[in-house]
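For reference, the structure discussed in these notes is given below.
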Amino acid sequence: MRVPGPKPTVSLRSIPSLPKHIRLQFDPVRQAVAVLAPEQVLWPNEAGLDILRRCDGRFTVDHIIADLVTEYDAEQEEVAADVIAFLQDWSDKLLVKL
Amino acid sequence: MSEPLLPPIGMLAELTHRCPLQCPYCSNPLELLKADRELDTKTWLELFSQAADLGVLQVHLSGGEPTLRRDLEQLIAGLSARGVYTNLITAGVGIAEGRIQAFARAGLDHLQLSFQGAHPASTDCIGHYPGSHEKKLETARLARACGLPLTINAPIHRHNIEDVPQFIDLALSLGAERLEIANVQYAGWALANRDRLMPDLAAVERQADIVAAAREKLIGIMNIDFVTPDYFATYPKPCMGGWARDAFVVAPDGTVLPCHAAQSIASLRFERFETRPLAEIWAHSEAFNAFRGTEWMQEPCRSCERREVDWGGCRCQAVAIAGDAAATDPACIKSPMHAHMGMLIDETQRKVTPIAGEPFIRRRIGVFKSAASSLTPSARPS
Ligand code: SF4
Ligand code: SF4
Chain A
10 MRVPGPKPTV SLRSIPSLPK HIRLQFDPVR QAVAVLAPEQ VLWPNEAGLD ILRRCDGRFT
70 VDHIIADLVT EYDAEQEEVA ADVIAFLQDW SDKLLVKL
Chain B
1271 MSEPLLPPIG MLAELTHRCP LQCPYCSNPL ELLKADRELD TKTWLELFSQ AADLGVLQVH
1331 LSGGEPTLRR DLEQLIAGLS ARGVYTNLIT AGVGIAEGRI QAFARAGLDH LQLSFQGAHP
1391 ASTDCIGHYP GSHEKKLETA RLARACGLPL TINAPIHRHN IEDVPQFIDL ALSLGAERLE
1451 IANVQYAGWA LANRDRLMPD LAAVERQADI VAAAREKLIG IMNIDFVTPD YFATYPKPCM
1511 GGWARDAFVV APDGTVLPCH AAQSIASLRF ERFETRPLAE IWAHSEAFNA FRGTEWMQEP
1571 CRSCERREVD WGGCRCQAVA IAGDAAATDP ACIKSPMHAH MGMLIDETQR KVTPIAGEPF
1631 IRRRIGVFKS AASSLTPSAR PS
């Protein structure tokens, strides 16, 4: 097996985005936001959605963290750890591009 | 029923039973429908619209070979206009020039392409279609070139189980982001050909190790979905995520089914869209309610702590092997029929023939006209 390079890893300078075929969409039947992906539908919680909505290919991870620290009035370190872990997990599942 | 009825999330639309290939494990029923039984464009679009209203978020356009429908672009566009996620499940042969691009323009979200083998000789032999491997490679390239994400689906059985590493390389080389290593499920044509398809335990174990190692190495690069072989399992899969729980199937003539093999359960009556709205069929059809939830269960399922994990497994496998659609799936170690499943594996290993000489029953419209019963193995061991 020829592995095409190492897997993408999140850094503060990564600029995350959703691939074109991963859709964040409000579902009027269930009154919730769904993530539509090949062969799966996911229902992220509010904290997850706050990160995903900022993955539009314009902001660095650093910027997203700063933004959420202000919004939640929370500790920088805690938010940073959560955001980085979340994005790494979603990138590992090919749901977020870095 | 103990819990409220939830709306379905997914729908598998079998647009047609026609297909240029003749895979010996095809999941379509033995009694295949001719083109004149298929729903027309308007009816499919109406059905899709009712499905979206009901809460369906993803539609898998399948068959047979769905690209044989000349109105496929229109159907995709109709779904896309309703915000429904579309997945085209194709064998990738005989698709006219320009159509893949047209599907993408119509709003197709994802394409799943089957490879019967990892090499031209085995793809062409298993699907019974010379030159099919090359055509599939071309379909994959076209799909990637117009930006469609790609899943490669590899149905696994005795004649290609040792090629799993080559399937992984093939999927990587085609730029797929998902690979399904899908061990054949023994329903439909696969049940008829079971003796000519079943792998042996050693090969199944090697395969599991290879897939586990590859998954680990390919994290973040390519997802590998592993559909494990039921006959070698300890616990069953939650078939369809549970009967009538979050998905359903529609046959080419509009018959609404809880799973694609449900018609093998002779005691059930199914309803056709056109005679009743989809929402009513989902909520009230006798067939949908027959095995919904956990109320219908017998022991050992009824008191088992996994009853809401696997929902008692597959009803079609229960009827095929235990002779009772409400029995515990024999794939489960707690089923009194589990040992019988092991015996069936042994029986299939008595005569192993190289693929070229394998006397497969080939999938063709009209081979079986009446009920499939002549091919169903005897219900119980004597
Ligand atoms: S399994 Fe093979 S024969 Fe059946 S629909 Fe798919 S490609 Fe056609
Ligand atoms: S007994 Fe029934 S519910 Fe329990 S694991 Fe087996 S199939 Fe699943």
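Protein sequence lines, in the order shown, are assigned to chains A and B.
Numbering-wise (my numbering), the first sequence opens with residue 10 and increments by one.
Numbering-wise (my numbering), the second sequence opens with residue 1271 and increments by one.
No residue lacks a Cβ here, since even glycine has one placed at the ideal position from N, Cα and C.
*Measuring from the CB of A/S100, is there a heavy atom of ligand 1 at a distance below 8 Å?*
no
_Taking 7 Å as the limit between beta carbons, can you name the residues of its chain near B/T1525, skipping five residues before and five after?_
F1540 and R1542
_Just to check my reading of the structure: B/P1506 and B/A1601 have Cβ atoms closer than 8 Å, yes? What is that Cβ distance to the nearest angstrom?_
4 Å
*Which residues in the same chain have their Cβ closer than 6 Å to the Cβ of B/T1564, if we skip the five residues on either side of it in sequence?*
R1577
*Say yes only if the C-beta of B/S1238 is nearer than 8 Å to one or more non-hydrogen atoms of ligand 1, and no if none qualify.*
A query on residue 1238 of chain B cannot be resolved here, the shown segment of chain B reaching from 1271 to 1652 and no further.
_Of the residues B/A1531, B/T1504 and B/N1357, the one placed nearest A/H30, counting alpha carbons only_ = With distances taken between Cα atoms, A/H30 lies closest to B/N1357.
_Interface partners of B/T1421 on chain A, CB under 8 Å_ = P47 and E48
*Any C-beta of chain A under 9 Å from that of B/A1642*: Note on B/A1642: pLDDT 44, under 50, position unreliable in the model; no value is reported.
*Does the beta-carbon distance from B/G1325 to B/P1278 come in below 9 Å?*
yes
_Within-9 Å CB hit, A/S23 to chain B_ = no
_Proximal residues, the region 1485-1506 of chain B versus chain A, C-beta separation under 9 Å_ = K1487, L1488, I1489, G1490, I1491, M1492, N1493 and D1495
*Can you have a look at A/V19 and say buried or exposed, based on whether 16 or more other CB atoms are within 10 angstroms of its CB?*
Burial call: buried.
*Check B/M1281 in the structure and name its three-state DSSP category.*
strand
_Check whether the region 1423-1441 of chain B and the region 1379-1388 of chain B are in contact - that is, three or more C-beta pairs closer than 8 Å._
yes
*asked:* Counting only beta-carbon separations shorter than 9 Å, does B/R1414 have a partner in chain A?
replied: no
_DSSP three-state label for B/Q1655, please._
Because chain B in this structure spans residues 1271 to 1652, residue 1655 of chain B falls outside the shown range and cannot be described.
*Give a single yes or no on whether B/K1604 has its beta carbon closer than 8 Å to a heavy atom of ligand 2.*
yes
*Does the beta carbon of B/P1435 sit closer than 9 Å to a beta carbon anywhere in chain A?*
yes
*Nearest to B/R1466 by CA position, among B/E1284, B/P1274, B/A1283 and B/C1293, is which residue?*
Of the candidates B/E1284, B/P1274, B/A1283 and B/C1293, the one whose C-alpha sits nearest the C-alpha of B/R1466 is B/C1293.
_DSSP three-state assignment for B/F1373, whether helix, strand or coil_ = The answer is helix: DSSP assigns B/F1373 an H, G or I state.
*Measuring from the CB of B/A1466, is there a heavy atom of ligand 1 at a distance below 8 Å?*
The question names Ala, yet the displayed sequence has Arg at residue 1466 of chain B. With a cutoff of 8 Å, B/R1466 does not count as near ligand 1, since its C-beta is closer than that to no heavy atom of the ligand.
_Checking the sheet assignment: what are the DSSP bridge partners for B/N1423?_
B/S1384 and B/E1450
*B/Q1320 to A/D71, Cα distance in whole Å?*
44 Å
*Measure the Cβ-Cβ separation of B/A1590 and B/T1598 and say whether it is below 9 Å.*
no
*As assigned by DSSP and simplified to three states, the class of B/D1523*: B/D1523 falls in the coil class under three-state DSSP.
*Less than 8 Å between the CB atoms is what I'm expecting for B/I1451 and B/V1474, so what's the real figure, rounded?*
B/I1451 to B/V1474, Cβ: 12 Å. No contact.
*asked:* Taking the beta carbon of A/F35 as the centre, do at least 16 other beta carbons fall within 10 Å, making it buried, or is it exposed?
replied: exposed
*With 7 Å as the limit, tell me which residues of the region 1436-1469 of chain B have their beta carbon closer than that to any beta carbon of chain A; keep them in chain order.*
I1438, D1439, L1442, E1447 and R1448
*Within its chain, find whatever has a CB closer than 7 Å to the CB of B/A1626; leave out the 5 residues flanking it on each side and keep chain order.*
C1395
_Alpha carbon of A/F95 to alpha carbon of B/S1297, nearest angstrom_ = A straight-line Cα-Cα distance of about 38 Å links A/F95 and B/S1297.
*At which residue ranges does the region 58-87 of chain A contain complete alpha helix (DSSP H) runs of 4 or more residues, listed in the order of the chain?*
Segments of the alpha helix (DSSP H) lying fully in the region 58-87 of chain A: 70-81.
*Examine ligand 2 and report whether any of its heavy atoms sits within less than 8 Å of the Cβ of B/T1498.*
no
*For A/V92, which residues from the same chain have a beta carbon less than 8 Å from its beta carbon, with the 5 sequence-adjacent residues on both sides left out?*
I60, V70, I73, I74 and L77
*Are the Cβ atoms of A/P17 and A/L107 separated by less than 9 Å?*
yes
*asked:* If we define contact as Cβ-Cβ less than 9 Å, is B/N1357 a contact residue for chain A?
replied: Yes, because at least one Cβ of chain A sits closer than 9 Å to the Cβ of B/N1357.
*Neighbour flag for A/S100 against chain B, beta carbons, 9 Å*: By this cut-off, A/S100 is an interface position.
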